[in-house]
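So the sequence lines, in the order shown, correspond to chains C and B. Residue 11 is where the first sequence starts when you use the working numbering, and the numbers rise one by one after that. Residue 402 is where the second sequence starts when you use the working numbering, and the numbers rise one by one after that. Heads up, the beta-carbon is just placed ideally off N, CA and C, and yes, glycines get one too.
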Amino acid sequence: DTGVSQNPRHKITKRGQNVTFRCDPISEHNRLYWYRQTLGQGPEFLTYFQNEAQLEKSRLLSDRFSAERPKGSFSTLEIQRTEQGDSAMYLCASSSILNTEAFFGQGTRLTVV
Amino acid sequence: EDQVTQSPEALRLQEGESSSLNCSYTVSGLRGLFWYRQDPGKGPEFLFTLYSAGEEKEKERLKATLTKKESFLHITAPKPEDSATYLCAVPHSGGYQKVTFGTGTKLQVIP
């Protein structure tokens, strides 16, 4: 399977705990995106990497959120001190510099209890 | 601020009953428009990119069209397997790194 891979698929955590999600993009894609989607809504942009550089961050990305993409390969999204409002589907997508469309992974469903 | 509005929110069709979904947008300097399909519990699946008014693209029973203010996704003789949420999205005027999505149209095709 050469698509975008996200792990874990599901995560249940207690409020106040830290969580980390991983995204492995399509291998030849140098652009990587994180989105968040809540029920009944479209995905909302969180942040964007070109290679290892984080070039844009949404105002939605509070100080409790941090994303990295070491060596321009896989990426991680960490949420510290989770809150119930963080419950959502976290989607990762990637694209190549030659094409405009992004391809999404299956997402990580986070439930904060 | 870029805005994308999709209608209707939900659509129920009989198998074989053709219809259209609408996506209207407000963006300064359109750089393109994307259509995605999303099945429950899964990530969006890319369908089409349209770059300029008058452009059309087709894939199986789906045909996407674009004007200066809106896009339509026409579904011809739908089948139950076409049931999904259809999302449209526009890239930020500053580039393709940020995309604004609509809330989607949930399509149900009844056998």
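Separation of ALA77 (chain C) and ARG46 (chain C) (C-alpha to C-alpha, rounded to the nearest whole angstrom) is 13 Å. Under the three-state reduction of DSSP output, GLU446 (chain B) falls in the strand class. A straight-line Cα-Cα distance of about 28 Å links TYR452 (chain B) and SER15 (chain C). Counting along the chain, ARG413 (chain B) sits inside the beta strand (DSSP E) bounded by residues 411–415. In the three-state reduction of the DSSP assignment, PRO53 (chain C) falls in the coil class, being assigned neither a helical nor a strand state.
Inter-segment contact for the segment 108–116 of chain C and the segment 409–423 of chain B is absent: fewer than three beta-carbon pairs are separated by less than 8 Å.
Contact check between the segment 21–32 of chain C and the segment 78–91 of chain C: three or more CB pairs, one atom from each, fall below 8 Å, which counts as touching. When Cβ pairs closer than 8 Å are counted between the two stretches, the segment 91–110 of chain C is seen to touch the segment 37–56 of chain C, the count reaching three or more. Just measuring C-alpha positions, the residue of C:GLN27, C:ASN28, C:PRO35, C:PHE31 sitting nearest THR12 (chain C) is C:PRO35. Within the same chain, THR92 come within 7 Å of GLN27 (chain C) by CB-CB distance, once the 5 residues on both sides are set aside. The C-alpha of LYS443 (chain B) lies about 10 Å from the C-alpha of ARG19 (chain C). Of all alpha-carbon atoms in B:LYS499, B:PRO479, B:PRO409, B:VAL405, the one lying nearest the alpha-carbon of GLN60 (chain C) is that of B:LYS499. Here GLN90 (chain C) carries a coil assignment [DSSP, helix/strand/coil]. The shortest CA-to-CA distance from ARG32 (chain C) to any of C:SER83, C:VAL123, C:VAL122 is the one to C:SER83. Under DSSP, ASP34 (chain C) forms a beta bridge with C:SER15. Distances from the CA of LEU448 (chain B) to each of B:LEU422, B:CYS489, B:THR501, B:PRO512 were compared; the closest alpha carbon is that of B:CYS489. For ASN109 (chain C), the closest alpha carbon among the candidates B:PHE435, B:ARG462, B:ALA411 is that of B:PHE435. Counting other Cβ atoms within 10 Å of its Cβ, LEU70 (chain C) stays below 16 and is therefore classed as exposed.
Each residue's CA atom was taken as its position, placing SER68 (chain C) and TYR58 (chain C) some 9 Å apart. No Cβ of chain B is located within less than 9 Å of the beta carbon of ARG32 (chain C).
For ARG74 (chain C), the number of other beta carbons within 10 angstroms of its own is below 16, and it is reported as exposed.
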